[in-house]
Amino acid sequence: MLSELTLKEASEGLRAGKFKSAELTEEMLGRAEGLNPELNAYITVTGDVARKAAGESDQRAQNGGLLSALDGMPGALKDIVNTKGIRSTSASKILANFVPPYNATVAEKLGQAGMVLTGKTNTDEFACGGSTEYSAFGVTHNPWDLSRVAGGSSGGSAAAVAAGTCLYAIGTDTGGSIRLPASFCGVSGLKVTYGRVSRSGVTAMASSLDSIGPFAKTVEDLALVMQVIAGNDVKDSTTLRVAVPDYTAALKDASVKGLRIGVPKEYFVEGLSADVEKLVRGAMSEYERMGAKLVPISLPYTKYAVAIYYIIMPAELSANLSRYDGIRYGLKPEGEINELIDQYYMTRDQGFGQEVKRRILTGTYVLSAGYFDAYYRKAMKVRTLIKQDFDNAFKDVDVIMTPVSPTAAFKIGEKSNDPLSMYLEDAFTIPASMAGVPALSIPCGFSSDGLPVGLQIISPQFSEHKLMAVGHAYQLATDWHKKFPKL
Amino acid sequence: MTDTSHKNGGAGAGAESAKIDAAKIRQIAHLSRIGISDADAEKYAGQMGAILDYMKILEEVNTDGVEMTTQVTGLQSVTRPDAVIVDTVPAELLAVSALPKIGGQIAVKAVIKED
Numbered sequence: 000m001l002s003e004l005t006l007k008e009a010s011e012g013l014r015a016g017k018f019k020s021a022e023l024t025e026e027m028l029g030r031a032e033g034l035n036p037e038l039n040a041y042i043t044v045t046g047d048v049a050r051k052a053a054g055e056s057d058q059r060a061q062n063g064g065l066l067s068a069l070d071g072m073p074g075a076l077k078d079i080v081n082t083k084g085i086r087s088t089s090a091s092k093i094l095a096n097f098v099p100p101y102n103a104t105v106a107e108k109l110g111q112a113g114m115v116l117t118g119k120t121n122t123d124e125f126a127c128g129g130s131t132e133y134s135a136f137g138v139t140h141n142p143w144d145l146s147r148v149a150g151g152s153s154g155g156s157a158a159a160v161a162a163g164t165c166l167y168a169i170g171t172d173t174g175g176s177i178r179l180p181a182s183f184c185g186v187s188g189l190k191v192t193y194g195r196v197s198r199s200g201v202t203a204m205a206s207s208l209d210s211i212g213p214f215a216k217t218v219e220d221l222a223l224v225m226q227v228i229a230g231n232d233v234k235d236s237t238t239l240r241v242a243v244p245d246y247t248a249a250l251k252d253a254s255v256k257g258l259r260i261g262v263p264k265e266y267f268v269e270g271l272s273a274d275v276e277k278l279v280r281g282a283m284s285e286y287e288r289m290g291a292k293l294v295p296i297s298l299p300y301t302k303y304a305v306a307i308y309y310i311i312m313p314a315e316l317s318a319n320l321s322r323y324d325g326i327r328y329g330l331k332p333e334g335e336i337n338e339l340i341d342q343y344y345m346t347r348d349q350g351f352g353q354e355v356k357r358r359i360l361t362g363t364y365v366l367s368a369g370y371f372d373a374y375y376r377k378a379m380k381v382r383t384l385i386k387q388d389f390d391n392a393f394k395d396v397d398v399i400m401t402p403v404s405p406t407a408a409f410k411i412g413e414k415s416n417d418p419l420s421m422y423l424e425d426a427f428t429i430p431a432s433m434a435g436v437p438a439l440s441i442p443c444g445f446s447s448d449g450l451p452v453g454l455q456i457i458s459p460q461f462s463e464h465k466l467m468a469v470g471h472a473y474q475l476a477t478d479w480h481k482k483f484p485k486l
Numbered sequence: 000m001t002d003t004s005h006k007n008g009g010a011g012a013g014a015e016s017a018k019i020d021a022a023k024i025r026q027i028a029h030l031s032r033i034g035i036s037d038a039d040a041e042k043y044a045g046q047m048g049a050i051l052d053y054m055k056i057l058e059e060v061n062t063d064g065v066e067m068t069t070q071v072t073g074l075q076s077v078t079r080p081d082a083v084i085v086d087t088v089p090a091e092l093l094a095v096s097a098l099p100k101i102g103g104q105i106a107v108k109a110v111i112k113e114d
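Line order of the protein sequences matches chains A and B.
If you use numbering that gives the first Met the number 0, the first sequence corresponds to residues 0 to 486, in order.
If you use numbering that gives the first Met the number 0, the second sequence corresponds to residues 0 to 114, in order.
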């Protein structure tokens, strides 16, 4: 089956003339459409757009003029990535009919590299959640066990890749929204350094934390996508003018001999499931066998990360979402409107879901007069201490390895009415977000329930090339990333 | 879910004590321009109370003399050439709004009421 190929294999197969993009695309679209009633990985499957792009790619292949390694390759975009002429909902009722008049930079770059867009994937509304249960378009189901969540907020992108409906997908990660679903769905996912990939045209959630990155079956595939999407963009002033390395070339140096791996004690604590701990420690032993050295370290401010995240993120979110006022963007509320303020009240009451409202209210509260210093300012100072934890650790070690999540995928509905317990799912992913450092999630085995579990690898800012080489070394030695769910 | 009996202090040392009840939620909802039902106000009061209680953990952290991290990669004053970039046309932007348009502008309800 073509859908079981990796991106790299498919790209090479296309170049060698083994199949056409049109064939590959039809198979993947068939799966995307056929599986969506069960998985709900997509909010919109873009069959016509994909078929047209595949045809154009096949033309280029015939003329020997393929644009990039991604040319003709089916890929998907999280629905908070705005796409010109294609409905982009951010999984919210308030944008249910929003058709953007422009492309996000990441969509533009992938389009110019020959992307075949299979569709727009499901997410928690405005990327607010850890399970994709807060989507206005219904929950995404985990391809390994349909009664469980796919993780979130980029659950649709992770499930779409895991289910073989596309070869790669773009997600966003603010506090763990790529790594958590990658772990839950058994695929590879990369949260990049803050500012490595342009966010222009991607609906903003928490601007001091938001990042965009890829999902794929393998780290090699992530490198191919990164090559296209990384780099400075004049439309996003947070993208640094730091040269983009040749990510695929960097993988060739996949030796981990002498690599110093930090193992922070704060991540191996009560609440971590025995299954996850065993698999993560097993993966680290594998690295040791390959010649790396495990170094016990401490990141003492880890335990404050969730508390500051749920101050900083809602504060920034509440400001970002104030633009959805029913004037510039969609949703005509039901009911009689006499004054402008009623329009705001009704649009935002009817348009936003519960979790988004909860976060807007929390954010407004922590920013309000009298509370700003106690909450927001305090949180931004503790953030500095968390960043210093990482700065200090990286003086002694090359990478840090931890679990992605304390547990494997949980049951749908298990946490959706208990916001605090949902928030604690992010305890291991938030610290790297606070420090702005890149972090990878790669499959490292299966729980006793047969659910995939991810290993998190964290490295210093702008060292994605080294980080991916470390991840690639593990995938050369193991085959967890080659398992497919039975669907 | 409707328990509003939390004793909520602020997160940081010296924070004002704040009790989150339905009235407070309604006040914040007004600031947020979100219409809210009484039932939701009760529910959010309970949930936000629990979340803000959890923030008290930050009182343990001494942040005297610590600077805020507002830009994590250390960027400062990023500039670009002062040139106009045209990549969307006003008509396309206007078309996004569901409200009526008059003379190339969006028509909204009255902001100021006549007595």
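Positions of the beta carbon are idealized from the N, C-alpha and C atoms, including for glycine.
**Study point:** Cβ-based burial, F97 of chain A [other Cβ within 10 Å; buried from 16]
**Key:** buried
- Note down the Cα distance separating D47 of chain A from G54 of chain A, rounded to an integer number of angstroms. 11 Å
Out of A:M72, A:R327, A:I359, A:G444, point me to the one whose CA is closest to L98 of chain B's CA.
A:R327
Exercise. Could you tell me which chain B residues have their CB closer than 7 Å to the CB of R327 of chain A, listed as they occur along the chain?
Key: V95, S96
Give the residues of chain B in contact with V381 of chain A, contact being defined as C-beta atoms less than 7 Å apart. L57, V60, T62
Output, in chain order, the set of chain E residues within a Cβ distance shorter than 7 Å of T237 of chain A. Of the protein chains in the structure, A and B, none is chain E.
### Task
For F461 of chain A, collect the residues of the same chain with a Cβ closer than 6 Å to its Cβ; drop the 5 residues on either side in sequence, then sort them by chain order.
T192, V241
Original post:
Under a three-way DSSP split, which group does Q104 of chain B fall into?
Top reply: strand
How do the region 201 to 215 of chain A and the region 302 to 316 of chain A stand: do at least 3 beta-carbon pairs fall below 8 Å, yes or no? yes
So, is G8 of chain B buried or exposed, given that buried needs 16 or more other C-beta atoms within 10 angstroms?
Bear in mind that a pLDDT of 39 at G8 of chain B, under 50, signals an unreliable position, so the model cannot answer this.
| field | Beta-carbon spacing of N102 of chain A, G154 of chain A below 8 Å | value | no
Practice task
Report yes or no: is there a C-beta of chain A within less than 8 Å of the C-beta of K108 of chain B?
Solution key: yes
Under 7 Å by beta carbon: chain A residues contacting K112 of chain B
E338
Contacts of F97 of chain A in chain B (Cβ-Cβ under 9 Å):
V95
Enumerate, from N- to C-terminal direction, the unbroken alpha helix (DSSP H) stretches of 4 or more residues contained entirely within the region 409 to 480 of chain A. 418 to 422, 429 to 434, 463 to 476
* Asked: What's the call for P142 of chain A, buried or exposed, on a 16-neighbour Cβ count within 10 Å?
  -> buried
**Study point:** the region 421 to 436 of chain A: positions lying closer than 8 Å to chain B by Cβ
**Key:** Y422, M433, A434, G435
Cβ pair A60 of chain A, T82 of chain A closer than 8 Å
no
- Task: Could you name the residues of chain B that T363 of chain A contacts, counting a contact when the two beta carbons are closer than 7 Å?
- Result: I27, L30, S31
Exercise for review: Could you name the residues of chain B that V44 of chain A contacts, counting a contact when the two beta carbons are closer than 7 Å?
Suggested key: Here the premise fails: no neighbours, minimum Cβ distance about 23 Å.
State the beta-bridge partners of Y167 of chain A as determined by DSSP.
-> A:G74, A:A215
If the criterion is Cβ atoms closer than 8 Å, does the pair R357 of chain A and Y43 of chain B meet it?
yes
Q.
Taking the straight line between their C-alpha atoms, what separation do you get for K55 of chain B and V381 of chain A?
A. 13 Å
How is P263 of chain A classed by DSSP in three states: helix, strand or coil?
-> strand
- Using a C-beta cutoff of 8 Å, does Q111 of chain A count as contacting chain B? no
Exercise for review: Taking I307 of chain A as the query, report the chain B residues whose CB atoms sit under 8 Å from its CB, ordered along the chain.
Suggested key: L57
Roughly how many angstroms lie between the CA atoms of T237 of chain A and D448 of chain A, to the nearest whole one?
-> 42 Å
**Message:** According to DSSP, is E15 of chain B part of a helix, a strand, or is it coil?
**Reply:** Unreliable positioning characterises E15 of chain B in this predicted model, as indicated by a pLDDT of 43, which lies under 50. The coordinate reading is nonetheless provided below. Three-state DSSP puts E15 of chain B in coil, outside helix and strand.
### Message
Would you say G45 of chain B lies against chain A (beta-carbon separation less than 8 Å)?
### Response
no
Measure from the C-beta of I101 of chain B to each C-beta in chain A and report whether the shortest distance is under 8 Å.
no
Along chain B, which residues have their Cβ under 7 Å away from the Cβ of R198 of chain A?
In chain order: nothing, as chain B lies at least about 13 Å away.
Presumed contact (8 Å Cβ cut-off) between F214 of chain A and G175 of chain A, rounded CB distance
Actually they are not in contact, since the Cβ atoms of F214 of chain A and G175 of chain A sit about 14 Å apart, beyond 8 Å.
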